[in-house]
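Enquirer: Mind looking over this structure? Questions follow.
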Amino acid sequence: MLHIPGAIGSALMIPIANKKLGVSVDEIAPIKIIDKIHIPVFVMSGEADTRTTREESKKLFDAANTPKKFWLVPNAGHQDLYR
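Residue numbers (this note's numbering): -11 to 71.
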């Protein structure tokens, strides 16, 4: 499996995602559509994330339908939740 650091992976994937989706990923707001999802949802948030705060992640979780699960990852940022 290829492991690409988050910042490099994002830089490579965002233009591809923009083209495939037909919209800029910066314009996508999960909070606006999460209530329309009717499958299990797992929201992960890094305790040290400065891009998506734990409060924003908690709001996303609260807006989701059940079943759902929330995990606040200690000492993790936005792109290193897997460590």
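Glycine included, every Cβ here is placed at the ideal spot set by N, Cα and C.
State the beta-bridge partners of LEU60 as determined by DSSP.
Expert: Residue numbering aside, residue 60 sits at position 72 when the sequence shown is read from its first letter. Its beta-bridge partners are SER33.
Enquirer: Buried or exposed for LEU0, going by 16 or more other Cβ atoms inside 10 Å?
Expert: Within the sequence shown, numbered from 1, the residue matching residue 0 stands at position 12. LEU0 comes out exposed.
Enquirer: Would you identify the three-state DSSP class for ALA5, choosing helix, strand or coil?
Expert: For the purposes of this step, residue 5 is taken as residue 17 along the sequence shown, with counting starting at 1. DSSP places ALA5 in helix when its eight states are reduced to three.
Enquirer: Can you tell me whether SER130 is buried or exposed, with buried defined as 16 or more other CB within 10 angstroms of its CB?
Expert: Coverage of the chain is limited to positions -11 through 71, which leaves residue 130 absent and any answer about it impossible.
Enquirer: Given this structure, state the Cα-to-Cα distance separating ILE19 from PHE49, to the nearest angstrom.
Expert: As a position in the sequence shown, residue 19 is number 31, starting the count at 1. As a position in the sequence shown, residue 49 is number 61, starting the count at 1. Roughly 9 Å separates the two Cα atoms.
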